[in-house]
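Contents: one structure, followed by commentary.
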Amino acid sequence: MRLPHCFFIVSLLFALGVKAQKKQILYDFNEIPQSLSLNPGVESDFKWFAGVPLLSGIFGYAGSNGISVHDIFADDGIDINLKFRERALNELSPRDEFSSTVQVEYLTGGFRDENPNLFYSFGGYLELDNIAYWPQDYAFLIFDGNADQLGRRYDLNDLKTRGSLVNVLHFGVNKKIDRNLTIGARGKIYSSIVDYSSTSNKGYLRNIEGQNNLIATNLDADLLLRTSGLQDLDAANDGDSLTSEIISRALFGGDLGLGVDLGFTYHLNERIIVTGSLLDVGFIYHSSDPKNYSLDGSTTVEGVEIDIVENFANLDRDFWQDLVDKVETAVPFDTDYDSYITFRPTKLYTSIRNDFGEPVDGDGQQNCDCTPGSFSTGELRAKYRNSFGGQIYMINRPRGPQMALTGFYTRRIGNILAIKGTYTVDKFSYTNVGLGMNLQAGPLNFYIMADNLLSYNNIADANSASFQFGLNIISWGLNW
Amino acid sequence: MRGTYVFCLVFFGFLMVTSCSESQDFDQIDDLNITPSYEASIFYVKAQETLINRVAGQSFFTQDFNFDAFEEPFFTKRVLSGVLTYELENTTSKPIEIRLEFLDGNENVIDTEVFSMDAAPTSILSRNVAYGPTGKSLDIIKTTSKIRLTAINLGDNNSESNLPDPAIELRSSAEFTLEL
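Same order as they appear, the protein sequences are chains A and B.
Going by numbering that gives the first Met the number 0, 234 is the number at position 235 of the first sequence; the sequence numbering is gapless.
Going by numbering that gives the first Met the number 0, 55 is the number at position 56 of the second sequence; the sequence numbering is gapless.
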């Protein structure tokens with residue numbers, strides 16, 4: 000396989016694997032049970048709900064803030080080499096990222112306690128995520144090389160990537176404290192199937208004028224790639240037992256970790272509500288199958304150097320091999336099997352919402368006596384036909400936190416349909432318009448949402464896009 | 000209910016009608032050329048005048064040096080062209096001839112570079128030798144396994160230069176373009 004193919008396949012894998020878990024449409028969309036996954040302290044009015052296995056929550060995202068598929072692969076007659084140089088090599092910086100997330104919820108449900116102020120939820124989902132930043136100086140070295148670049152320092156820190164495939168099992172409690180405040184917490188057990196990370200690289204490569212010879216090459220490297228699970232999966236693949244190995248590692252046979260989600264909803268008054276949540280405060284201890292690769296040290300070489308007087312008695316020795324040995328000693332490439340810890344990418348959501356318009360009326364749950372307010376106090380928290388507000392989303396990333404701002408409007412049509420529109424600004428786009436719909440047909444709940452809709456006329460030109468849909472069965476304690 | 004029906008039609012209709020992509024040609028990837036050029040020093044040899052004066056006869060030094068750099072499969076499979084740059088400095092009191100012979104695995108001489116320099120004071124001799132489409136055959140580079148260095152004293156064995164640390168110094172670097 001030619002290296003260009005390898006390079007692009009790796010890039011594609013990065014892009015398919017990165018993590019941008021922004022779910023701005025689902026957040027605070029209380030009609031959907033999965034909104035609990037983004038805020039365990041959401042106000043819920045369900046008696047119980049059960050997600051349709053494997054169909055209750057499917058989420059996919061891929062994004063690159065600096066370049067799109069269309070930029071490179073558009074069938075526009077322009078030489079791909081020119082496009083790549085002008086749109087990638089000369090444009091992207093180490094802060095530009097390629098990211099993607101796939102989440103498949105295979106089990107989810109929730110039920111209300113005998114104490115109606117308590118609601119329990121549980122479930123499990125698989126999450127594949129990766130993030131890679133544009134390795135700018137590595138790209139220059141690969142595409143241009145270091146010729147005629149005396150004094151230029153190629154920064155080895157430009158390599159930052161991480162990714163994982165994790166099975167997450169969770170159990171959460173949602174408690175209505177009083178009429179105004181609802182809080183929630185969820186514990187998580189992570190079972191990591193495979194993980195890799197290379198996020199703390201340092202060093203440089205540089206050619207300068209030599210002392211003896213024409214060029215001196217400086218290499219100062221502190222590179223580390225940590226992996227876990229790859230060896231087991233590779234061995235299982237050779238033995239045709241890959242599926243069973245993945246299942247085994249997903250069900251506590253791999254690396255384990257713990258985490259917690261916290262959240263709240265608070266009514267400032269009848270119509271103004273603030274919410275917040277902190278998700279994935281946790282870690283995974285990678286001990287089952289770790290393998291780490293490092294390149295650490297520094298050296299300067301000026302080629303094979305032979306001072307005949309100094310080496311007169313030993314001129315038959317292999318100077319080339321001596322040079323190779325010198326470099327390998329000074330900058331050893333090592334492998335170890337040490338366990339390591341990774342911290343989950345913690346996410347923060349917060350929102351303020353203003354409800355307005357008429358309370359939702361007509362047939363359905365809102366007029367029954369089963370909303371959260373009714374359980375303990377007999378007071379109903381009415382849902383209103385309209386809501387608007389703003390949300391902030393932050394996620395911890397290898398190059399620091401990232402933020403997104405979202406404005407939203409929600410319209411409820413009876414108790415059957417709710418529609419939420421969003422406008423989001425983040426590093427990927429200033430024109431991200433999203434739309435979500437929740438449909439309640441009797442006990443059957445169906446939702447679908449997608450963002451970056453304006454890019455759908457040419458999806459290949461989008462810098463990011465996400466979708467989510469799911470199917471649940473919900474009961475409010477009525478006789479459906 | 001009718002409103003719901005209409006909305007669903009509109010929502011999915013919008014996505015289906017607008018969800019499209021301009022024509023993409025992923026086969027372009029086959030046309031992507033990655034041809035970087037890398038540069039580094041190759042070898043540096045220094046022979047002091049004191050050594051030259053000690054050796055009787057014209058040829059005061061002959062030695063074969065193993066040089067496997069060009070034989071690395073990664074390199075030989077991908078090299079497209081290259082330039083070897085030499086710089087010879089003579090601060091001794093003697094005219095000197097340096098002969099570089101490139102040897103293959105069977106120790107056959109496949110290329111030779113000869114440098115002649117007057118006695119000091121003289122300017123530095125620089126030479127670029129191209130290999131590939133615009134120069135010598137690339138096979139010379141690909142099959143080079145050893146380099147034989149022969150230094151010949153074309154002067155006497157007793158004069159001494161008044162320059163500091165008089166010596167013959169051969170510096171060299173290589174720039175190669177590879178196809179990755």
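All C-beta atoms, glycine included, are put in the ideal place defined by N, C-alpha and C.
query                                                                                                                       : result
Buried versus exposed call for residue 233(A) [16 or more other C-beta atoms within 10 Å across all chains shown]           : exposed
From 194(A), 208(A), 452(A), 383(A), residue whose alpha carbon lies closest to that of residue 164(A)                      : 194(A)
Length of the line joining the Cα atoms of residue 186(A) and residue 43(A)                                                 : 18 Å
Residue 137(A) versus residue 146(A): straight-line alpha-carbon distance, rounded                                          : 14 Å
Continuous beta strand (DSSP E) stretch holding residue 135(A): start and end                                               : Counting along the chain, residue 135(A) falls outside any beta strand (DSSP E), though it belongs to the alpha helix (DSSP H) covering 135-142.
Contact test: residue 303(A) Cβ vs the ligand NAD heavy atom, cutoff 7 Å                                                    : In terms of ligand content, the structure shown is empty, and the ligand NAD therefore cannot be addressed.
Closest residue to residue 284(A) among 298(A), 258(A), 265(A), 272(A) (Cα-Cα distance)                                     : 258(A)
Sheet register partners of residue 290(A) (DSSP bridge)                                                                     : 226(A)
Spatially closest choice to residue 33(A) from 198(A), 129(A), 109(A), by CA coordinates                                    : 109(A)
Three-way DSSP call (helix, strand, coil) for residue 268(A) in this model                                                  : coil
Distance between residue 60(B) and residue 107(B) (C-alpha atoms, nearest Å)                                                : 20 Å
Test: residue 44(B) CB closer than 8 Å to a CB of chain A                                                                   : yes
Amino acids of chain A, ordered along the chain, whose beta-carbon sits closer than 7 Å to that of residue 180(B)           : Given a span of 0 to 179 for chain B in the structure shown, any question on residue 180(B) remains unanswerable.
Contact with chain A by residue 67(B), beta-carbon distance below 8 Å                                                       : yes
Simplified DSSP assignment, three categories, for residue 206(A)                                                            : strand
Backbone CA spacing between residue 215(A) and residue 206(A) [nearest angstrom]                                            : 6 Å
CB contact below 8 Å: residue 62(B) versus chain A                                                                          : yes
Contacts that residue 119(B) makes with chain A (C-beta to C-beta distance below 9 Å)                                       : By Cβ distance, chain A contributes nothing, its closest Cβ being about 18 Å from residue 119(B), past 9 Å.
From 433(A), 277(A), 167(A), 175(A), residue whose alpha carbon lies closest to that of residue 424(A)                      : 433(A)
Bridge-paired residues (DSSP) for residue 112(B)                                                                            : 99(B)
contact_flag[the region 75-90 of chain A, the region 43-52 of chain A] where n(CB pairs < 8 Å) is 3 or more                 : no
Neighbour list for residue 174(B) in chain A, Cβ cutoff strictly below 7 Å                                                  : 146
Amino acids of chain A, ordered along the chain, whose beta-carbon sits closer than 9 Å to that of residue 84(B)            : 213
Limits of the unbroken beta strand (DSSP E) element including residue 40(B)                                                 : 36-47
C-beta contact flag for residue 189(A) and residue 167(A) at 8 Å                                                            : yes
contact_flag[the region 48-57 of chain B, the region 128-141 of chain B] where n(CB pairs < 8 Å) is 3 or more               : no
Positions along the region 295-306 of chain A whose CB lies within less than 8 Å of some CB in chain B                      : 300, 301, 302, 303, 304, 305, 306
Which of helix, strand or coil DSSP assigns to residue 123(A)                                                               : strand
Residue span of the alpha helix (DSSP H) that contains residue 327(A), given as start and end                               : 318-329
Inter-stretch contact (C-beta, 8 Å, three-pair minimum) for the region 386-397 of chain A and the region 407-417 of chain A : yes
Check whether residue 148(B) and residue 44(B) have beta carbons under 8 Å apart                                            : yes
Simplified DSSP assignment, three categories, for residue 155(B)                                                            : coil
Which of helix, strand or coil DSSP assigns to residue 171(B)                                                               : strand
Same chain, Cβ closer than 7 Å to residue 395(A), five either side skipped, listed in chain order                           : 344, 345
One or two residues paired with residue 169(A) in a DSSP bridge                                                             : 122(A), 187(A)
Residue from 115(A), 124(A), 118(A), 113(A) whose Cα sits closest to the Cα of residue 102(A)                               : 124(A)
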